[in-house]
Amino acid sequence: MSVNLRRAEVDDLRAMQMCNQLCLPENYQLKYFIYHILSWPQLSYVAEDHKGNIVGYVLAKLGEEYESQHEELATGHITSLAVKRSHRRLGLAQKLMNLAARAMIENYNTSLVSLHVRVSNRAAFSLYKNVLKFEVDKREPKYYADGEDAFLMKRDLMVFAEQHDVKPAVPIIFFAEKLKKTLEITSDVLDGTHRKNRDHVDGKPCKCKNHGRK
746 MSVNLRRAEV DDLRAMQMCN QLCLPENYQL KYFIYHILSW PQLSYVAEDH KGNIVGYVLA
806 KLGEEYESQH EELATGHITS LAVKRSHRRL GLAQKLMNLA ARAMIENYNT SLVSLHVRVS
866 NRAAFSLYKN VLKFEVDKRE PKYYADGEDA FLMKRDLMVF AEQHDVKPAV PIIFFAEKLK
926 KTLEITSDVL DGTHRKNRDH VDGKPCKCKN HGRK
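This is the structure we're talking about:
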(Lines of atoms letter the chains of each structure in order from A and count residues from 1; the text may use other names and numbers.)
(Lines give C-alpha, C1' and ligand atoms only; values in the text may rest on other atoms or scores of the structure.)
Protein backbone atom coordinates (compact mmCIF):
# COMPACT_ATOMS: atom_id res chain seq x y z
CA MET A 1 0.00 0.00 0.00
CA SER A 2 1.63 3.22 -1.22
CA VAL A 3 1.60 6.09 1.28
CA ASN A 4 3.46 9.40 1.06
CA LEU A 5 4.49 11.35 4.16
CA ARG A 6 5.04 15.10 3.87
CA ARG A 7 4.77 18.36 5.74
CA ALA A 8 1.22 19.62 6.19
CA GLU A 9 0.11 22.66 4.20
CA VAL A 10 -2.80 25.07 4.50
CA ASP A 11 -4.64 23.26 1.69
CA ASP A 12 -4.59 20.06 3.78
CA LEU A 13 -6.38 21.50 6.80
CA ARG A 14 -9.98 20.58 5.94
CA ALA A 15 -8.95 17.01 5.12
CA MET A 16 -6.99 16.86 8.38
CA GLN A 17 -10.06 18.07 10.27
CA MET A 18 -12.22 15.40 8.60
CA CYS A 19 -9.67 12.73 9.54
CA ASN A 20 -9.75 14.04 13.10
CA GLN A 21 -13.54 13.83 13.26
CA LEU A 22 -13.54 10.33 11.79
CA CYS A 23 -10.86 8.89 14.09
CA LEU A 24 -10.98 10.68 17.44
CA PRO A 25 -13.52 11.79 20.06
CA GLU A 26 -11.50 15.00 20.61
CA ASN A 27 -12.43 17.28 17.72
CA TYR A 28 -11.08 20.70 16.87
CA GLN A 29 -12.46 23.63 14.93
CA LEU A 30 -10.76 24.47 11.64
CA LYS A 31 -9.30 27.67 13.08
CA TYR A 32 -7.33 25.60 15.59
CA PHE A 33 -5.67 23.67 12.75
CA ILE A 34 -4.96 26.97 10.99
CA TYR A 35 -3.40 28.34 14.20
CA HIS A 36 -0.96 25.42 14.33
CA ILE A 37 0.06 25.59 10.67
CA LEU A 38 0.56 29.36 10.66
CA SER A 39 2.40 29.44 13.99
CA TRP A 40 4.61 26.36 13.55
CA PRO A 41 4.53 25.43 9.82
CA GLN A 42 7.45 22.99 10.19
CA LEU A 43 5.94 20.73 12.84
CA SER A 44 2.79 19.10 11.43
CA TYR A 45 2.76 16.26 8.88
CA VAL A 46 0.26 14.29 6.83
CA ALA A 47 0.12 10.83 5.29
CA GLU A 48 -1.58 10.62 1.88
CA ASP A 49 -2.52 7.62 -0.25
CA HIS A 50 -1.74 7.15 -3.96
CA LYS A 51 -4.75 9.31 -4.85
CA GLY A 52 -3.63 12.19 -2.65
CA ASN A 53 -6.24 11.56 0.05
CA ILE A 54 -5.19 12.36 3.62
CA VAL A 55 -5.22 9.13 5.64
CA GLY A 56 -3.38 10.36 8.72
CA TYR A 57 -1.76 13.38 10.34
CA VAL A 58 0.15 14.66 13.33
CA LEU A 59 -0.63 18.15 14.63
CA ALA A 60 2.17 19.60 16.74
CA LYS A 61 3.27 22.84 18.35
CA LEU A 62 5.71 24.31 20.83
CA GLY A 63 4.81 24.11 24.50
CA GLU A 64 3.45 26.96 26.56
CA GLU A 65 6.75 27.21 28.42
CA TYR A 66 8.44 28.36 25.20
CA GLU A 67 5.63 30.74 24.31
CA SER A 68 5.73 32.51 27.67
CA GLN A 69 9.46 32.50 28.42
CA HIS A 70 11.08 32.30 24.95
CA GLU A 71 13.64 29.85 26.25
CA GLU A 72 16.53 28.85 23.99
CA LEU A 73 15.75 25.22 24.80
CA ALA A 74 12.14 24.67 23.77
CA THR A 75 9.58 22.02 24.66
CA GLY A 76 7.14 20.60 22.14
CA HIS A 77 3.62 19.24 22.37
CA ILE A 78 1.65 16.80 20.21
CA THR A 79 -1.86 18.20 19.97
CA SER A 80 -3.38 15.42 17.89
CA LEU A 81 -2.40 12.22 16.07
CA ALA A 82 -4.76 10.21 13.89
CA VAL A 83 -4.60 7.48 11.24
CA LYS A 84 -7.66 6.18 9.41
CA ARG A 85 -8.61 2.59 10.18
CA SER A 86 -7.96 1.56 6.56
CA HIS A 87 -4.29 2.49 6.93
CA ARG A 88 -3.48 1.32 10.44
CA ARG A 89 -0.83 -1.31 11.27
CA LEU A 90 1.49 0.20 8.67
CA GLY A 91 3.66 2.09 11.14
CA LEU A 92 2.30 5.45 9.97
CA ALA A 93 1.64 6.82 13.47
CA GLN A 94 5.22 6.10 14.52
CA LYS A 95 6.62 7.63 11.33
CA LEU A 96 4.49 10.77 11.67
CA MET A 97 5.52 11.20 15.30
CA ASN A 98 9.19 10.80 14.46
CA LEU A 99 8.94 13.35 11.65
CA ALA A 100 7.42 15.85 14.08
CA ALA A 101 10.12 15.09 16.66
CA ARG A 102 12.89 15.60 14.10
CA ALA A 103 11.38 18.90 12.97
CA MET A 104 11.12 20.13 16.57
CA ILE A 105 14.81 19.44 17.16
CA GLU A 106 16.08 20.82 13.86
CA ASN A 107 13.97 23.99 13.88
CA TYR A 108 13.42 24.86 17.54
CA ASN A 109 16.10 22.99 19.52
CA THR A 110 13.33 21.11 21.30
CA SER A 111 14.67 18.72 23.94
CA LEU A 112 11.36 17.40 25.29
CA VAL A 113 7.93 16.69 23.81
CA SER A 114 4.70 15.97 25.66
CA LEU A 115 1.20 14.72 24.90
CA HIS A 116 -2.02 13.67 26.59
CA VAL A 117 -3.68 10.30 26.11
CA ARG A 118 -6.90 8.86 27.49
CA VAL A 119 -6.28 6.30 30.23
CA SER A 120 -8.67 3.94 28.40
CA ASN A 121 -6.80 4.18 25.07
CA ARG A 122 -4.54 1.16 25.52
CA ALA A 123 -3.43 0.99 21.89
CA ALA A 124 -2.22 4.60 21.85
CA PHE A 125 -0.64 4.25 25.28
CA SER A 126 1.29 1.18 24.13
CA LEU A 127 2.53 3.01 21.03
CA TYR A 128 3.71 5.99 23.03
CA LYS A 129 5.33 4.03 25.85
CA ASN A 130 6.70 0.90 24.20
CA VAL A 131 7.52 2.13 20.69
CA LEU A 132 8.16 5.86 20.99
CA LYS A 133 9.59 5.69 24.53
CA PHE A 134 7.34 8.27 26.19
CA GLU A 135 7.16 8.09 29.97
CA VAL A 136 4.14 8.85 32.15
CA ASP A 137 4.65 12.14 33.96
CA LYS A 138 1.35 12.25 35.83
CA ARG A 139 -2.34 11.44 35.67
CA GLU A 140 -4.64 14.43 35.16
CA PRO A 141 -8.19 13.85 36.52
CA LYS A 142 -11.14 14.70 34.26
CA TYR A 143 -8.89 16.16 31.57
CA TYR A 144 -11.31 15.42 28.74
CA ALA A 145 -14.71 17.00 28.19
CA ASP A 146 -16.52 13.74 28.98
CA GLY A 147 -14.78 13.52 32.35
CA GLU A 148 -12.19 10.86 31.52
CA ASP A 149 -8.70 11.12 33.01
CA ALA A 150 -5.59 11.60 30.89
CA PHE A 151 -1.98 10.54 31.22
CA LEU A 152 0.48 13.34 30.59
CA MET A 153 3.42 11.66 28.85
CA LYS A 154 6.84 13.04 27.94
CA ARG A 155 9.63 11.97 25.59
CA ASP A 156 13.32 12.84 25.87
CA LEU A 157 14.32 14.13 22.44
CA MET A 158 18.03 14.23 23.28
CA VAL A 159 18.00 10.43 23.20
CA PHE A 160 16.04 10.48 19.92
CA ALA A 161 18.51 12.94 18.37
CA GLU A 162 21.47 10.73 19.23
CA GLN A 163 19.82 7.52 18.02
CA HIS A 164 18.68 9.00 14.70
CA ASP A 165 21.60 11.36 14.06
CA VAL A 166 19.43 14.49 14.13
CA LYS A 167 21.28 17.82 14.16
CA PRO A 168 19.74 20.32 16.64
CA ALA A 169 19.28 23.97 15.72
CA VAL A 170 21.88 24.95 18.36
CA PRO A 171 23.79 21.78 19.38
CA ILE A 172 25.81 23.31 22.21
CA ILE A 173 22.63 24.43 23.97
CA PHE A 174 20.66 21.31 23.07
CA PHE A 175 23.21 18.97 24.66
CA ALA A 176 24.18 21.34 27.49
CA GLU A 177 22.06 19.56 30.11
CA LYS A 178 23.53 16.18 29.21
CA LEU A 179 27.05 17.62 29.34
CA LYS A 180 26.28 19.16 32.72
CA LYS A 181 25.15 15.79 34.11
CA THR A 182 28.26 14.09 32.68
CA LEU A 183 30.50 16.68 34.31
CA GLU A 184 28.68 16.28 37.63
CA ILE A 185 29.19 12.50 37.53
CA THR A 186 32.87 12.95 36.62
CA SER A 187 33.28 15.46 39.43
CA ASP A 188 31.72 13.06 41.93
CA VAL A 189 34.04 10.25 40.82
CA LEU A 190 37.12 12.46 41.04
CA ASP A 191 36.01 13.80 44.41
CA GLY A 192 35.59 10.25 45.71
CA THR A 193 39.06 9.28 44.47
CA HIS A 194 40.53 12.37 46.08
CA ARG A 195 38.94 11.52 49.43
CA LYS A 196 40.33 7.97 49.32
CA ASN A 197 43.82 9.24 48.55
CA ARG A 198 43.58 11.76 51.35
CA ASP A 199 42.52 9.02 53.75
CA HIS A 200 45.70 7.12 52.92
CA VAL A 201 47.81 10.17 53.65
CA ASP A 202 46.03 11.04 56.88
CA GLY A 203 46.33 7.49 58.21
CA LYS A 204 42.58 7.02 58.39
CA PRO A 205 40.93 3.62 57.80
CA CYS A 206 40.83 2.85 54.12
CA LYS A 207 37.93 1.07 52.45
CA CYS A 208 39.91 -0.06 49.42
CA LYS A 209 39.76 -3.86 48.99
CA ASN A 210 43.47 -4.14 48.18
CA HIS A 211 44.73 -1.90 50.97
CA GLY A 212 47.13 -3.70 53.27
CA ARG A 213 47.67 -6.66 50.93
CA LYS A 214 51.19 -7.71 49.96
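Going by my numbering, the first residue of the sequence shown is number 746, and it counts up by one from there.
Each residue gets a CB set at the ideal place from its N, CA and C atoms; glycine is no exception.
Secondary structure note for His781: its alpha helix (DSSP H) is the uninterrupted segment 775-784. By the 16-neighbour rule on beta-carbons within 10 angstroms, Ile917 is exposed. In this structure Met842 touches Leu826 by the C-beta definition: roughly 7 angstroms separates them, less than 8 angstroms. Residues of the same chain with a CB within less than 7 angstroms of the CB of Val755, apart from the 5 flanking positions on each side, are Ile782 in chain order. Within the DSSP secondary-structure output, His822 pairs in a beta bridge with Lys806, Ser859.
Taking the CA atoms as reference points, Ser871 sits about 27 angstroms from Asn854. If you compare the alpha carbons of His822, Asn798, Gln774 with that of Ser789, the shortest gap goes to His822.
Excluding residues up to 5 positions away in sequence, Val748, Leu750, Val800, Gly801, Leu837 lie with their Cβ nearer than 6 angstroms to the Cβ of Ala792 in the same chain.
Here DSSP, grouped into helix, strand and coil, assigns Arg884 to strand. DSSP, read as helix, strand or coil, puts Ala845 in helix. Of the residues assessed, Ile779 falls on the exposed side of the cut-off, its CB having fewer than 16 other CB atoms within 10 angstroms.
Check the Cα spacing between Tyr773 and each of Lys899, Ala890, Phe919, Glu907: the tightest is with Ala890. In this model, His909 and Asp901 are separated by some 13 angstroms (Cα to Cα).
Contact annotation, Glu851 with Val911: C-beta distance approximately 6 angstroms; criterion of less than 8 angstroms satisfied.
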